[in-house]
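For reference, the structure discussed in these notes is given below.
Protein chains: 2
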Amino acid sequence: MIIKSKKIYTPLRIIDGYIKINDGKITEVTAGEPDVGPNEEIIDYGENVVLPGFIDLHTHGFATGSFTHERSAESVTKMAQALVTQGVTSFLPTTGADAISTIQGMLAEADVAMNDWTPEVGADILGIHLEGPFINKAHKGMQKEEHCIDPSIEIFDEMIEPMSIDRIKLITLAPELPGAKELIQYLNKNEVQISIGHSAATFDEIKALKDYGIGGVTHMFSGMKGFHHRELGVAGSALYFDDLYSEFAKQSGLTVLPEAVDLTIRIKTLDRITLCTDTVGLGQVEKSFYHYIRETTFTPDGDHIILKHDDGTEERLDKNSIEDMLSVEIGYLESVQNLMKWNNLDYADIMKIASENTAKYINVYDRKGSLEKHKDADIIVLDEDTNLVQTYVLGVPQV
Amino acid sequence: MIIKSKKIYTPLRIIDGYIKINDGKITEVTAGEPDVGPNEEIIDYGENVVLPGFIDLHTHGFATGSFTHERSAESVTKMAQALVTQGVTSFLPTTGADAISTIQGMLAEADVAMNDWTPEVGADILGIHLEGPFINKAHKGMQKEEHCIDPSIEIFDEMIEPMSIDRIKLITLAPELPGAKELIQYLNKNEVQISIGHSAATFDEIKALKDYGIGGVTHMFSGMKGFHHRELGVAGSALYFDDLYSEFAKQSGLTVLPEAVDLTIRIKTLDRITLCTDTVGLGQVEKSFYHYIRETTFTPDGDHIILKHDDGTEERLDKNSIEDMLSVEIGYLESVQNLMKWNNLDYADIMKIASENTAKYINVYDRKGSLEKHKDADIIVLDEDTNLVQTYVLGVPQV
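These protein sequence lines map, in sequence, to chains L and B.
Start counting the first sequence at 1; every next residue gets the next number (the working numbering).
Start counting the second sequence at 1001; every next residue gets the next number (the working numbering).
Take a look at the structure:
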């Protein structure tokens, strides 16, 4: 198959040319007109932009599937199906602070989803992001306090059993907790990337441990000791140390101001920023709950979810409709659109923080994250208004 | 007179050459060997570094003179004498939040000191920095709460009478207070530079008012609403807005961490940093007082000051000895040395933040702040260990 466009974004330049795809891999990316073989499919996207697919390293659930609330292989598969509508071509289903047995069960289910996965399903399931349970109660945020525990290699090993450690791509932990150093060394040896998050770590604590294998911080500014001029905290340390990445969660303008994102970009440069969603699949909650930021009560009702807003209005949404669920929680693409608008980023910038950096961060840049020969054909096409035209996962069209 | 050196720092390059001085002005700065006229004095500083003198825009007192504690023309003159030992060739005596009548009296005394000043006295007295009284009680720091008042053009005019407004070079105020906008507009029209300080201003408040004439912030990070990712505050706004200068007070490592200074430099670049001391002439206190940060009680005793430390030790220091007083409060030169060591700055960087930017900030760069033809011969010479060799004020050697 051949994809043509006047605007193909490769790591170093924007090409007016084509991408050849064979067996799910990119076999050629070059300028000019392709030689088209007999019966070879060719799609010309004209002025539309062709980018590497987005990689979401931090999502607990999205739209029609929630790993957090449903904890099943099917929920992970539904996330994969829903994510491609956002231009996301690969992702890490993400756990939280929970009972070890609960996490164990979730990983077993994710294992099934990963084993059964084919590119026809949706976004590629790259592995797992463990957000916790080795995090600090003092910065628990929405995590369950009773399940925030001290780091331990033994508990880690027990928790992931029988999943292979190769499938744990990323862990968020609090390095100031007792036992953290040993676990960090162990994880680093096993090529698990480590982010600081839900943490009260000081500058000195981070400085002392970072070279043992800490790559960056989770949801920059949230769930961490904030910047102070006499104690830089996690936020200030992330700003200070050039070698740490800062992950930003979905950009709704509510959690972190665009100006705070802008400052971080200016200090660290785009080379050290990653974009994720940190969505949970809010529409898939198991029981009625009140969301204090949204001033809304979410109540499940069979295939529907009822939203009772504090202002007295009410909505009844279809839990199996991606569109309905997008009104509950914004997706990756809307974050991208907001960043482009509010922070004046262009497609080359987005490519960096959504695809290149995310792939490099979890060490899959040899096969993901850019439009280059020999890489997976994870490709998205956007129109002039940044709307999604098509998503390809290993060359398979998704929408 | 001719000064020779292999390392003369001019705005664009380091010159191996000479400076010609005539009538207190620089008449030539150039590479090579000078033509020496008959009876013309020539001093060869060899490898020693020749820089423009430092400009301290924020000092309430230093060493043997305290404008804050003594409030006299003589105290300002003594500051001028002491400051040249620090490489400071011009300065702004600085008031604080006090009764209007007290400030009025202080300005009248400063007027006398300025009228009587000659370069033989010491550092050039460029005018006044009014730190308050239009500041926010909520961030008063060491200022007197009962004298923190709302901005008012009438009170301002009454307060500076009979000093000419031309001599007010800088004011620190809190722009969120009622009446601030009118005063800012009035001061801007009268060419008084305005810094935000002792302020709880929000990002939006600063954004709304800055273009009316706000130049920067006073003692960055201290006495201001700190950075938060959902409300940038004064600190975050100073980081965010390229056109605001950040003033740093004396660098002892206690008030603001070197890493916080480093971050500010990286975001704003050295072009928007100024260095001051914000010293008060601690040794000249009128009555016994306890300094909680130093854990020391200061008690005046005639020509001496007695320091009783909480650890039981005691010191008796000569109030008229600059050297003794330097053990009480560090000076401009030690701040420079610390910045060079901790923040890896070189002489060109120091020249920028201590001389060029400070001169530009209060609009005296036409005659101060750089070694250029037609400018005042305010020159310092430092040896390889950054010790002061000589200070010239309008060509007059001081030490």
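By construction, the Cβ of each residue, glycine as well, lies at the ideal position given by its N, Cα and C atoms.
Evaluate residue i with the Cβ neighbour count: other Cβ atoms within 10 Å of its Cβ, from every protein chain shown; 16 or more gives buried, anything less gives exposed.
| i | result |
| --- | --- |
| I42 (chain L) | exposed |
| E1033 (chain B) | exposed |
| R13 (chain L) | exposed |
| F1293 (chain B) | According to the sequence provided, residue 1293 (chain B) is Ile. The question's Phe does not apply to it. Classification for I1293 (chain B): exposed. |
| F54 (chain L) | buried |
| T269 (chain L) | exposed |
| D56 (chain L) | buried |
| H400 (chain L) | The structure shown does not extend to residue 400 (chain L), since chain L is modelled only from 1 to 399, so the question has no answer here. |
| H129 (chain L) | buried |
| A1189 (chain B) | The sequence given here has Lys at residue 1189 (chain B), not Ala. Burial call: exposed. |
| L1187 (chain B) | buried |
| K1169 (chain B) | buried |
| T118 (chain L) | exposed |
| H1309 (chain B) | exposed |
Please state whether DSSP places residue i in a helix, a strand or coil.
| i | result |
| --- | --- |
| E1109 (chain B) | helix |
| P162 (chain L) | coil |
| N22 (chain L) | strand |
| F1067 (chain B) | helix |
| K7 (chain L) | strand |
| D56 (chain L) | strand |
| I1171 (chain B) | strand |
| F1420 (chain B) | Residue 1420 (chain B) is absent from the structure shown; chain B starts at 1001 and stops at 1399. |
| I402 (chain L) | Nothing about residue 402 (chain L) can be reported from this structure: the residues present for chain L run from 1 to 399 only. |
| L1130 (chain B) | strand |
| T1118 (chain B) | coil |
| L1282 (chain B) | helix |
| K103 (chain L) | Before going further, note that residue 103 (chain L) is Ile rather than Lys in the sequence given. I103 (chain L) falls in the helix class under three-state DSSP. |
| A31 (chain L) | strand |
| H1229 (chain B) | coil |
| V364 (chain L) | coil |
| G215 (chain L) | strand |
| G236 (chain L) | helix |
Which residues share a DSSP beta bridge with residue i?
| i | result |
| --- | --- |
| A377 (chain L) | None; A377 (chain L) has no bridge partner. |
| F221 (chain L) | Per DSSP, none; premise fails for F221 (chain L). |
| K308 (chain L) | L:T297, L:E314 |
| P1401 (chain B) | Within the shown structure, residues of chain B are numbered from 1001 to 1399, placing residue 1401 (chain B) beyond reach of any answer. |
| D44 (chain L) | L:K4 |
| F289 (chain L) | L:F298 |
| V1396 (chain B) | B:V1393 |
| L433 (chain L) | No statement about residue 433 (chain L) is possible, as the shown extent of chain L runs from 1 to 399 and does not include it. |
| S199 (chain L) | L:M224 |
| I125 (chain L) | L:F91 |
Determine the extent of the beta strand (DSSP E) in which residue i is found, giving its start and end residues.
| i | result |
| --- | --- |
| V1256 (chain B) | Looking at the DSSP string, V1256 (chain B) is not in any beta strand (DSSP E), and its letter there is neither H nor E. |
| L1388 (chain B) | 1388-1393 |
| K1078 (chain B) | Here K1078 (chain B) belongs to no beta strand (DSSP E); instead the alpha helix (DSSP H) covers 1073-1083. |
| F1203 (chain B) | Per DSSP, F1203 (chain B) belongs to no beta strand (DSSP E); it is in the alpha helix (DSSP H), 1203-1209. |
| L1275 (chain B) | 1273-1275 |
| L244 (chain L) | First-last for L244 (chain L): undefined, no H or E at that position. |
| P93 (chain L) | 88-95 |
One question on the structure: do residue i and residue j come within less than 8 Å of each other, judged by their Cβ atoms?
| i | j | result |
| --- | --- | --- |
| I1299 (chain B) | I1306 (chain B) | A small correction: the amino acid at residue 1299 (chain B) is Thr; Ile does not occupy that position in the sequence shown. Against a cut-off of 8 Å, the Cβ pair of I1306 (chain B) and T1299 (chain B) comes out as a contact. |
| Y1009 (chain B) | M1351 (chain B) | yes |
| H58 (chain L) | K140 (chain L) | no |
| F67 (chain L) | M106 (chain L) | yes |
| T973 (chain B) | T1386 (chain B) | Residue 973 (chain B) lies beyond the range of chain B shown here (1001 to 1399); nothing can be said about it. |
| E1109 (chain B) | V1076 (chain B) | yes |
| E259 (chain L) | Y1212 (chain B) | no |
| L183 (chain L) | S164 (chain L) | no |
| A1063 (chain B) | M1340 (chain B) | no |
| G283 (chain L) | K225 (chain L) | no |
| I15 (chain L) | V29 (chain L) | yes |
| G1215 (chain B) | Y1365 (chain B) | no |
| T218 (chain L) | E247 (chain L) | yes |
Hey, quick one: how far does the alpha helix (DSSP H) through residue i stretch, first residue to last?
| i | result |
| --- | --- |
| S1335 (chain B) | 1332-1342 |
| Q1185 (chain B) | 1180-1189 |
| S195 (chain L) | Counting along the chain, S195 (chain L) falls outside any alpha helix (DSSP H), though it belongs to the beta strand (DSSP E) covering 193-196. |
| Y361 (chain L) | 357-361 |
| L326 (chain L) | 322-326 |
| Y1347 (chain B) | 1347-1351 |
Mind checking if residue i is an interface residue toward chain A, Cβ cutoff 8 Å exclusive?
| i | result |
| --- | --- |
| A1260 (chain B) | Going by chain labels, chain A is absent from the structure shown, which instead holds the protein chains L and B. |
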